[in-house]
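For reference, the structure is listed below as structure tokens.
Residue numbers (our numbering): 108 to 235.
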């Protein structure tokens, strides 16, 4: 069974490949920007990989609000990214996968802090 740390590490590698794997003249880009150069099929593959990141976030326990924000980022990227040429530039600049990974990590960290606080309170109550 995989734990959350392994799942987040796997998503970090995917995000890096999709949004930041290459650099040209100081501009970082990944497969998301390159796949967009292939009409229709490239955009569909890119959208599917972005959606996979969101589905994995759900499996890792992301909250509904975080999932909604991730879906909005994905929708914007998929919709505007499908526009020829302009969409490819947008894909490189917007980096929805990076935004979504940051949202997921922040959500999981908040939940971990909340769980630690609940555990502290339970320990104090048990000791009293």
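Don't be surprised by glycine CBs; every beta carbon is placed ideally from N, CA and C.
Where does residue i sit, in a helix, a strand or coil, going by DSSP?
i           : result
residue 135 : strand
Could you work out which residue in the options is closest to residue i when comparing CA atoms only?
i           : options            : result
residue 142 : 117, 133, 156, 131 : 156
residue 147 : 185, 200, 224, 235 : 185
residue 154 : 187, 168, 175, 221 : 187
residue 219 : 121, 170, 160      : 170
residue 198 : 221, 230, 134, 110 : 134
State the CB to CB distance for the pair residue i and residue j, rounded to an integer number of angstroms; the pair is presumed to be in contact (CB under 8 Å).
i           : j           : result
residue 127 : residue 140 : Contact flag wrong, Cβ pair sits at about 10 Å.
residue 174 : residue 165 : 6 Å
residue 119 : residue 208 : 6 Å
Tell me the rounded alpha-carbon separation between residue i and residue j.
i           : j           : result
residue 129 : residue 217 : 31 Å
residue 206 : residue 158 : 13 Å
residue 116 : residue 163 : 12 Å
residue 213 : residue 192 : 33 Å
residue 123 : residue 226 : 34 Å
residue 233 : residue 224 : 14 Å
Counting only beta-carbon atoms, is residue i nearer than 9 Å to chain B?
i           : result
residue 188 : Absence of chain B from the displayed structure is noted, only one protein chain being present.
Those runs of the alpha helix (DSSP H) which lie wholly inside the stretch 110–164 and span at least 4 residues:
111–122, 138–142
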